[in-house]
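Residue numbers (the working numbering): 41 to 263.
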């Protein structure tokens, strides 16, 4: 959380310095998210997660640097996660056929973008850069068990305990088509940090990794 506060303070400083000479603009958008994850478990192998649907709400500022070029820090609330089939692999011994995990993040993206005006009211923009996020809650639901929802940071499923890494960072990118201040947004995040720091199944510690991958589509308005 301290890292997020420092990033937010830095973003405010950049905006304050730039706004003295240039006009900044603000954006707000809401999107449907589609996320999945790639697992790697020691002595079991690699297996890809299935996509689950989530949400993403974001507010951003745009600080112009030169003609068309801008920097855009922001604040987003979104969910990421994945669903994985466990039947037929060694982990089936824990009594689960599938496991769905969804984590809710507060995120600070810092993107560098470029906007091109095509017509009087029509423009397109692309942007990319790093993001830094912190997990505020997470749930894991298993099938063929008791069907309850638990927080993987506090509890464990039957014969399975998974503790998450609350910090995540990675690279994000987005493209926007804007008409009269309303824009269509398409974006993606690619996590670089293992979001699992401890996994125990059937009393055995497993060396497991999971990196977030997400895609979102939404609508927004620029002020």
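Cβ atoms here follow ideal geometry from the backbone N, Cα and C, with glycine treated the same way. Quick caveat, the model's predicted, so the values are computed rather than measured.
Taking the straight line between their C-alpha atoms, what separation do you get for residue i and residue j?
i, j, result
"residue 146", "residue 218", "26 Å"
"residue 205", "residue 138", "21 Å"
"residue 140", "residue 164", "36 Å"
"residue 248", "residue 203", "11 Å"
"residue 114", "residue 183", "37 Å"
"residue 181", "residue 174", "21 Å"
"residue 132", "residue 215", "Low confidence applies here, because residue 132 scores a pLDDT of 49, under 50, leaving its location unreliable and the question unanswered by this model."
"residue 124", "residue 89", "5 Å"
"residue 152", "residue 178", "30 Å"
"residue 207", "residue 257", "24 Å"
"residue 98", "residue 230", "17 Å"
"residue 104", "residue 238", "43 Å"
"residue 101", "residue 228", "19 Å"
"residue 264", "residue 63", "Residue 264 lies beyond the residue range present for the chain, which begins at 41 and ends at 263; the question has no answer from this structure."
"residue 262", "residue 222", "7 Å"
Considering only the alpha carbon of each residue, which of the options lies closest to residue i?
i, options, result
"residue 232", "142, 250, 223", "250"
"residue 226", "72, 65, 209", "72"
"residue 154", "234, 177, 123, 111", "111"
"residue 156", "122, 64, 109, 208", "109"
"residue 170", "148, 124, 254", "148"
"residue 253", "121, 167, 224, 96", "121"
"residue 77", "104, 142, 96", "142"
"residue 96", "234, 235, 144", "144"
"residue 93", "103, 104, 70, 119", "119"
"residue 176", "102, 117, 101", "117"
Suppose contacts are defined by Cβ-Cβ distances below 8 Å. Is residue i in contact with residue j by that definition?
i, j, result
"residue 260", "residue 68", "yes"
"residue 74", "residue 91", "yes"
"residue 161", "residue 220", "yes"
Establish whether the CB of residue i and some CB of chain B are separated by less than 8 Å.
i, result
"residue 233", "Going by chain labels, chain B is absent from the structure shown, which holds only one protein chain."
So residue i packs on residue j, CB below 8 Å; how close in whole Å?
i, j, result
"residue 172", "residue 209", "5 Å"
Review point. What are the complete alpha helix (DSSP H) segments, minimum 4 residues, inside the segment 93-152?
Key: none
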